[in-house]
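With this note's numbering applied, the sequence shown corresponds to residues 17 to 489, in that order.
Reviewing the structure listed below.
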Amino acid sequence: MLRFSRQLHNSTRLCSQATGLKESLKAIIPKRKEEFLKLKKECMGTKVDDITIGSILSGMRGNRSMFWEGSMVDAQRGITFHGKTIEQCQRELPGDESGNFYPESMLWLLMTGEVPTKQQTKQLMEELAVRGSEANFPIATSRVIDSLPNDMHPMTQLAIGLASMNKVSRFASNYEKGLLNKNNYWEDTFEDTLNLISFLPILTGKIYSKITNDGKPLGKFSPTEDWSSNICSLMGMSNSTYSVNKNNFNASESKDFLSLMRLYTGIHADHEGGNVSAHTTHLVGSALSDPYLSYSSGIMGLAGPLHGLAAQEVVRFLVEMNGQISSPNQPDEIERYLWDLLNSKRVIPGYGHATLRKPDPRFTAMLKFTKDRKSEFENDKNVVLMQNLSSIAPKVLKAHGKCQNPYPNVDSASGILFHHYGLKESLFFTVIFGCSRSMGPLTQLVWDRIYGLPIERPKSVNMETLKLLSNSQ
Numbered sequence: 017m018l019r020f021s022r023q024l025h026n027s028t029r030l031c032s033q034a035t036g037l038k039e040s041l042k043a044i045i046p047k048r049k050e051e052f053l054k055l056k057k058e059c060m061g062t063k064v065d066d067i068t069i070g071s072i073l074s075g076m077r078g079n080r081s082m083f084w085e086g087s088m089v090d091a092q093r094g095i096t097f098h099g100k101t102i103e104q105c106q107r108e109l110p111g112d113e114s115g116n117f118y119p120e121s122m123l124w125l126l127m128t129g130e131v132p133t134k135q136q137t138k139q140l141m142e143e144l145a146v147r148g149s150e151a152n153f154p155i156a157t158s159r160v161i162d163s164l165p166n167d168m169h170p171m172t173q174l175a176i177g178l179a180s181m182n183k184v185s186r187f188a189s190n191y192e193k194g195l196l197n198k199n200n201y202w203e204d205t206f207e208d209t210l211n212l213i214s215f216l217p218i219l220t221g222k223i224y225s226k227i228t229n230d231g232k233p234l235g236k237f238s239p240t241e242d243w244s245s246n247i248c249s250l251m252g253m254s255n256s257t258y259s260v261n262k263n264n265f266n267a268s269e270s271k272d273f274l275s276l277m278r279l280y281t282g283i284h285a286d287h288e289g290g291n292v293s294a295h296t297t298h299l300v301g302s303a304l305s306d307p308y309l310s311y312s313s314g315i316m317g318l319a320g321p322l323h324g325l326a327a328q329e330v331v332r333f334l335v336e337m338n339g340q341i342s343s344p345n346q347p348d349e350i351e352r353y354l355w356d357l358l359n360s361k362r363v364i365p366g367y368g369h370a371t372l373r374k375p376d377p378r379f380t381a382m383l384k385f386t387k388d389r390k391s392e393f394e395n396d397k398n399v400v401l402m403q404n405l406s407s408i409a410p411k412v413l414k415a416h417g418k419c420q421n422p423y424p425n426v427d428s429a430s431g432i433l434f435h436h437y438g439l440k441e442s443l444f445f446t447v448i449f450g451c452s453r454s455m456g457p458l459t460q461l462v463w464d465r466i467y468g469l470p471i472e473r474p475k476s477v478n479m480e481t482l483k484l485l486s487n488s489q
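Here it is as structure tokens:
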């Protein structure tokens, strides 16, 4: 577990340090902005894609119509972050001794397009720990969360908590005072972004304690621990002195759960800009809403069953399936179960992807996590079933012939691994997803302000217009 000094506590508490991420960002802005303005000036008339009636009536799926820098999904390579695959990120980004890159190093990559050094990653960890301390956490947000019903959906609590942080938004405050202009919008957006991300461990811990422990704290924030470690401690899922260790983890289990948290939050940090949570954050942000309001709106989108519920559905599916078969190590039984499922017009949760035509590299990373810890998982029949399904289900789906991508996606593994370590509140999975996903859309929001992107406002058309357009061709 990474530890570092408290020397930053004597500096300005909620502002970026004299050196580090902000200075690295400033250094690359002129060149990137020059490239952007050149493209805008010389290529504005270049056609990028076709929009059909089918596009308009089918959710604009696949239409290339958004500007997004942090990540792209390739049908063969999977998700890439500034051109780097998951495997490359695991090799190149600073990480822990288990081989997982730190989410903080991913945040640096998303913000700058550059791989940070170990020292830069350590410094960003320190900065987030200072910004996100209990002394800096918004008092109004604590009061708001404390006032909510314990049985309120955790994603609703997360959205409310984030929106309430608007009270401490530097961007909103300085904009209202008339202190900002288009050239410096990005700086307060950057400050709000880092503060928001740094506040997530405490906010997450508060919400989890409400749904599991009647609001009584499960841990304390540590200024000497990294972002993921504080999430684990504040959820009471660590054997550190800062956590109640509600699941009685031994040292090895605690270390592994922390590695899982780092892995999960690192690989879920971004996924292009067209998904509901990312697009919503961008859309609301384009109206110059501050990062807290913008990302709160994105969280409301992530709460929708079609966006953020997949991991829960997979857990339910695996548990139900294990209740119907004699053993997760019986391929014939598994195949029959899957065929019965497909023949009843149902789907296999956790399989298929809108773009990918190969196994999801994020799933591969999580599968490797289990294989590297064979003794930990070999007696968990749900994890064993997940592992075996990854080789059996694609064959069945190919034979069935109605699935363009028969391979497992990341949701087929993520939820059941949290379940294994005692995180049984499946509705909470999406809160952790929301912690991770903050990094991509909010770093893009900073760049939206750097580039001076305008408010997003596509033209809408009615049925009559579509009929007329159809008849004219």
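Each residue gets a CB set at the ideal place from its N, CA and C atoms; glycine is no exception.
- The C-alpha of G86 is placed about 15 angstroms away from the C-alpha of K49.
- In this structure, DSSP gives I95 an extended state, which the three-state scheme calls strand.
- Residue pairing of M253 in beta bridges, as defined by DSSP: absent, with no partner found.
- Residue I95 holds the alpha-carbon nearest to the alpha-carbon of T380 among E39, I95, K397.
- Fewer than three pairs of CB atoms, one per stretch, sit closer than 8 angstroms, so the segment 345-362 makes no contact with the segment 462-475.
- In this structure, D427 lies near A327, with their beta-carbon atoms less than 8 angstroms apart.
- With fewer than three CB-CB distances shorter than 8 angstroms, the segment 100-117 does not count as touching the segment 146-153.
- Close CB contacts of R373 within its chain, under the 6 angstroms cut and outside five residues either way in sequence, are with A91, N421 (chain order).
- In the pairwise beta carbon analysis, the segment 165-175 is classified as touching the segment 310-328: at least three pairs are separated by under 8 angstroms.
- Residues S275, R278, L279 of the same chain have their beta carbon placed closer than 6 angstroms to that of N116, with the five preceding and five following residues left out of the count.
- Residues of the same chain with a CB within less than 6 angstroms of the CB of S343, apart from the 5 flanking positions on each side, do not exist.
- Close CB contacts of S270 within its chain, under the 6 angstroms cut and outside five residues either way in sequence, are with S254, N255 (chain order).
- Where M168 is concerned, there is no enclosing beta strand (DSSP E), because DSSP gives it neither an H nor an E.
- Per DSSP, reduced to three states, the secondary structure at M60 is coil, with no helix or strand assignment.
- With a beta-carbon spacing of about 21 angstroms, S442 and V260 fall beyond the 8 angstroms limit used to define contacts.
- When only Cα atoms are considered, V131 and P119 end up about 12 angstroms apart.
- In the DSSP assignment, M337 falls within the alpha helix (DSSP H) that extends over 326-338.
- Counting along the chain, S81 sits inside no alpha helix (DSSP H), nor does DSSP assign it H or E at all.
- 8 angstroms or more divides the Cβ of L383 from the Cβ of S407.
- Of the residues assessed, N425 falls on the buried side of the cut-off, its CB having 16 or more other CB atoms within 10 angstroms.
- M479 is not a Cβ neighbour of M122, given a cutoff of 8 angstroms.
- A straight-line Cα-Cα distance of about 12 angstroms links R465 and P457.
- Counting only runs of 3 or more residues that sit fully inside the segment 120-176, no beta strand (DSSP E) segment turns up.
- As a beta-bridge residue in DSSP terms, Y367 pairs with P424.
- Taking the Cα positions, D208 is about 20 angstroms away from W84.
- Three or more pairs of CB atoms, one per stretch, sit closer than 8 angstroms, so the segment 392-404 contacts the segment 332-339.
- Along the length of the segment 423-478, whole alpha helix (DSSP H) runs at least 4 residues long occupy 427-436, 445-453, 455-467, reported in chain order.
- Across the set Q139, T128, P233, the C-alpha of P233 shows the shortest separation from the C-alpha of S158.
- Ranked by Cα distance from K56, the options T481, V477, Y467, I432 are led by Y467.
- Comparing alpha carbon positions, the residue from N246, N291, A267, C248 closest to S81 is N291.
- Each residue's CA atom was taken as its position, placing L219 and K262 some 18 angstroms apart.
- The continuous alpha helix (DSSP H) containing M316 extends over residues 307-318.
- Between the alpha carbons of L212 and G221 lies a distance of about 15 angstroms.
- Membership of M88 in the beta strand (DSSP E) is indicated by the continuous run 87-90.
- Of V160, N166, Y191, the smallest CA-CA separation from M181 is found for V160.
- The C-alpha of H435 is placed about 42 angstroms away from the C-alpha of I67.
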